[in-house]
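Engineer: Okay, handing you the structure first.
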Amino acid sequence: MGLEECADTLIGNWHLRGISGGEKKRLSIALEIITQPRLLFLDEPTSGLDSASAFFVVQALRNVARSGRTIISSIHQPSSEVFALFDDLLLLSSGETIYFGEAAMAIEFFADAGFPCPSRRNPSDHFLRCINSDFDDVNNTLLGSQRIKDLKDTSGPIMNLSTSEIRARLIHKYQSSKVAARVKARIREFSTTEGLVLEETSGSQATWLKQLTTLTKRSFVNMSRDFGYYWLRIIVFIAVSICVGSIFHDVGSNNHAILARGASGGFISGFMTFMTIGGFPSFIEEMKVFSKERLSRHYGVGVFIFSNFISSIPYLVLMSFTSASITYFMVKFHPGLFHFMFAALDLLLSIAVVESCMMVIAAIVPNFMMGVIIGAGFIGIMMASAGFFRLFPDLPKVFWRYPVSYINYMAWALQAGQPPLQGEVVLTSLLGISLSHSKWWDLAAVAANLVVYRLLFFSMLKLKETALPMYRTYYSKRTLHHLKQRASFRKTPPFPSKRHHVVHSLSSQEGLNSPLH
Numbered sequence: 007m008g009l010e011e012c013a014d015t016l017i018g019n020w021h022l023r024g025i026s027g028g029e030k031k032r033l034s035i036a037l038e039i040i041t042q043p044r045l046l047f048l049d050e051p052t053s054g055l056d057s058a059s060a061f062f063v064v065q066a067l068r069n070v071a072r073s074g075r076t077i078i079s080s081i082h083q084p085s086s087e088v089f090a091l092f093d094d095l096l097l098l099s100s101g102e103t104i105y106f107g108e109a110a111m112a113i114e115f116f117a118d119a120g121f122p123c124p125s126r127r128n129p130s131d132h133f134l135r136c137i138n139s140d141f142d143d144v145n146n147t148l149l150g151s152q153r154i155k156d157l158k159d160t161s162g163p164i165m166n167l168s169t170s171e172i173r174a175r176l177i178h179k180y181q182s183s184k185v186a187a188r189v190k191a192r193i194r195e196f197s198t199t200e201g202l203v204l205e206e207t208s209g210s211q212a213t214w215l216k217q218l219t220t221l222t223k224r225s226f227v228n229m230s231r232d233f234g235y236y237w238l239r240i241i242v243f244i245a246v247s248i249c250v251g252s253i254f255h256d257v258g259s260n261n262h263a264i265l266a267r268g269a270s271g272g273f274i275s276g277f278m279t280f281m282t283i284g285g286f287p288s289f290i291e292e293m294k295v296f297s298k299e300r301l302s303r304h305y306g307v308g309v310f311i312f313s314n315f316i317s318s319i320p321y322l323v324l325m326s327f328t329s330a331s332i333t334y335f336m337v338k339f340h341p342g343l344f345h346f347m348f349a350a351l352d353l354l355l356s357i358a359v360v361e362s363c364m365m366v367i368a369a370i371v372p373n374f375m376m377g378v379i380i381g382a383g384f385i386g387i388m389m390a391s392a393g394f395f396r397l398f399p400d401l402p403k404v405f406w407r408y409p410v411s412y413i414n415y416m417a418w419a420l421q422a423g424q425p426p427l428q429g430e431v432v433l434t435s436l437l438g439i440s441l442s443h444s445k446w447w448d449l450a451a452v453a454a455n456l457v458v459y460r461l462l463f464f465s466m467l468k469l470k471e472t473a474l475p476m477y478r479t480y481y482s483k484r485t486l487h488h489l490k491q492r493a494s495f496r497k498t499p500p501f502p503s504k505r506h507h508v509v510h511s512l513s514s515q516e517g518l519n520s521p522l523h
């Protein structure tokens, strides 16, 4: 694949340049080849590559085919060297088969049909010139020049016929040719031959522990390299924590400080966790990688979720304990190491819950702008019903108190922020904090929210994996049914006229002039 020169270069992301676009394409093809697939589909693998790179890519694909694998690929305007590597060639135009057979026999087929390829012209360019209707517009433009007028009589049938006429001749020639007869015979032979039935593999051949360790290591490395995944949020957390600590610095413990302590706790458990939605774009990119690798059955859904959570723990601990250290001692909450550890753990679980919630949204909404808006709205609802802006006894019983306030992670986190102090009347009536149960129950409720959202994330991925193919099949059938009901669709001729084609500019096609030189 010609990737030896960039073997020690990072692939890159939005802030790190890394390897080039052509090298990324070759790398993605190489990743599929090393898995030794039985059938490999590629959509224009040589687009954007120079002639040498395109040749090496196709040569590598041919070596894979020689090992007993089937390679099916669409190639955009291959060079003559690349074309010589093809085994079989399928030419399609407007849904009709122009040619399907050995690639080496295609030139002879076109010559027998009355459209021989010039001696010093790329065969693929010649085929494209014969069946691509865009060249009609090119010919009409070039026929106005004196040079083309002089060569009109000696240019052959290509310049004198329209693409639809050439295509009609080629289709008729192919349907009555020996090439088509051989193809039909091979299809009949294959349909009656009983070969070896390969059992469907249930998944990756690696053990569950091997999958977990490999994915955890890779996810941890990606998180450390992506500045926007955690490092940027850690910096913002530190800056906001300093602002909160300076605003509520040493609020005291008298009666006037009760509301200030509640406000600082509500801000820390609310806004600090709200900033977690900043990692949603990174979640979307990770979901794209997961979807691609899941189709190849490299690993399971459970392994992916568990490895992602394990690799994120060091960053979540750093984020929560750094923020808690700044705010806890600047505000001067309840003194003692035990109380500080409890507050930091409370913040850690709250941030983890919000991350799990955003992952659930990422599994449903593929667009990161929609996901950020939905996530912000969801967290805003959680903040409104957490018991700070509106006390629990004052919340409407229908929906908001039962069940929203009880499934709200922020409500439990806010209640668990401070241990029971003297002045139970103030805590219960002014702040709406219940003292009938231990604060550890509040922390356990936050952890339960974390588990529920991770399980919901797992369920959404499994449901999406099962339902999406069914939805696409239904949508395709429904679209075809509606198209067949249209009169314009039923009356469409097999070879649409020139006015049915979209006129593209010359710059939208590569090498349009090459067949006409």
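Position 468 of the sequence shown, counted from 1, bears residue number 474 in the working numbering, the numbering being contiguous throughout.
All residues carry an ideal CB built from backbone N, CA and C; glycine is no exception.
On a predicted model such as this, the values are computed, not experimentally measured, just so you know.
1. Go ahead and pull the three-state DSSP assignment for Asp352.
2. Please name the residue, chosen from Asp56, Thr52, Arg72, Tyr321, that lies closest to Val64 on a Cα-to-Cα basis.
3. What are the boundary residues of the beta strand (DSSP E) that includes Ile78?
4. In the DSSP assignment, what residue or residues form a beta bridge with Phe106?
5. What does Asp49 pair with, by DSSP beta-bridge criteria?
6. To the nearest angstrom, how far is it from the Cα of His340 to the Cα of Cys363?
7. Do the CB positions of Ser130 and Gln83 come within less than 8 Å of each other?
8. Here's the rule: buried if 16 or more other CB atoms are within 10 angstroms of the residue's CB, otherwise exposed. What is His178?
9. Kindly indicate which three-state DSSP category Cys123 falls into: helix, strand or coil?
10. Buried or exposed: which applies to Ser356, given that a residue is buried once 16 or more other Cβ atoms fall within 10 Å of its Cβ?
11. By Cβ distance, which residues of its chain are closer than 6 Å to Ile240, with the 5 residues on each side in sequence left out?
12. Determine the contact status of Phe243 and Met365, defining contact as a CB-CB distance below 8 Å.
13. From Phe196, Arg478, Phe335, pick the residue whose C-alpha is nearest to that of Ile248; which is it?
14. Report the three-state DSSP secondary structure of Asn455 (helix, strand or coil).
15. When we look at the beta-carbon of Gln42 and count the other beta-carbons within 10 Å, is it buried (16 or more) or exposed?
16. Tell me the DSSP secondary structure of Val185 in three-state form.
17. Buried or exposed, going by whether 16 or more other CB atoms sit within 10 Å of the CB of Tyr235?
18. Looking at the structure shown, is Asp159 part of a helix, part of a strand, or coil, going by DSSP?
19. So, at 6 Å on beta carbons, what are the nonlocal neighbours of Met293 in its own chain, with the 5 sequence-adjacent residues on each side left out?
20. Just tell me which of Glu299, Ser99, Phe346, Phe106 has its CA closest to the CA of Ala187.
21. Going by CA-CA distance only, name the one from Ser85, Val360, Ile137 that's closest to Ile387.
22. Since I believe Val250 is in contact with Phe273 (beta carbons under 8 Å), could you give me their beta-carbon distance rounded to a whole number of angstroms?
23. Thinking C-alpha only, which one of Ser252, Thr219, Asn373 is nearest Glu291?
24. Using the C-alpha atoms, what's the distance from Phe61 back to Val88?
25. For a test of the three-state rule: what should DSSP assign to Met7, helix, strand or coil?
26. Taking the CB atoms as reference points, tell me whether Ile104 and Ile137 lie closer together than 8 Å.
27. Does the distance from the C-beta atom of Ile81 to that of Phe121 stay below 8 Å?
28. Between which two residues does the alpha helix (DSSP H) harbouring Tyr321 extend?
29. Quick one: what does DSSP say Leu22 is sitting in, helix, strand or coil?
30. Considering Cα atoms alone, identify which of Gly284, Thr199, Leu265, Thr219 is closest to Phe233.
31. Measure the beta-carbon distance from Leu221 to Val309 and round it to whole angstroms, keeping in mind my assumption that it falls under 8 Å.
32. By how many angstroms is the C-alpha of Leu449 removed from the C-alpha of Gly24?
33. Let's test the definition: count the other Cβ atoms within 10 Å of the Cβ of Val295 and tell me whether it reaches 16, buried, or not, exposed.
34. Can you tell me the Cβ-Cβ gap for Ser318 and Met229, rounded? I've got them flagged as a contact below 8 Å.
35. Report yes if the C-beta distance between Arg44 and Arg75 is below 8 Å; otherwise report no.
36. Taking Cβ positions, are Phe254 and Ala245 nearer each other than 8 Å?
Structural biologist: Concretely, from the data shown:
1. If DSSP states are grouped into helix, strand and coil, Asp352 belongs with the helices.
2. Thr52
3. 76 to 80
4. Leu96
5. Ser80
6. 30 Å
7. Yes.
8. exposed
9. The answer is coil: DSSP assigns Cys123 none of H, G, I, E or B.
10. buried
11. Met325
12. no
13. Phe335
14. helix
15. Exposed.
16. helix
17. buried
18. Note on Asp159: pLDDT 48, under 50, position unreliable in the model; no value is reported.
19. Scanning its chain for C-beta atoms nearer than 6 Å, with the 5 sequence neighbours on each side dropped, one finds around Met293 the residues Ala368, in chain order.
20. Phe106
21. Val360
22. 6 Å
23. Asn373
24. 5 Å
25. In the structure shown, Met7 adopts coil according to DSSP, grouped into three states.
26. yes
27. no
28. Bounds of the alpha helix (DSSP H) holding Tyr321 are 307 to 337.
29. coil
30. Gly284
31. 6 Å
32. 43 Å
33. It is exposed - the Cβ of Val295 has fewer than 16 other Cβ atoms within 10 Å.
34. 7 Å
35. In this structure, Arg44 sits near Arg75, with a CB-CB distance shorter than 8 Å.
36. No; because the gap between Cβ atoms is not below 8 Å, this pair is not in contact.
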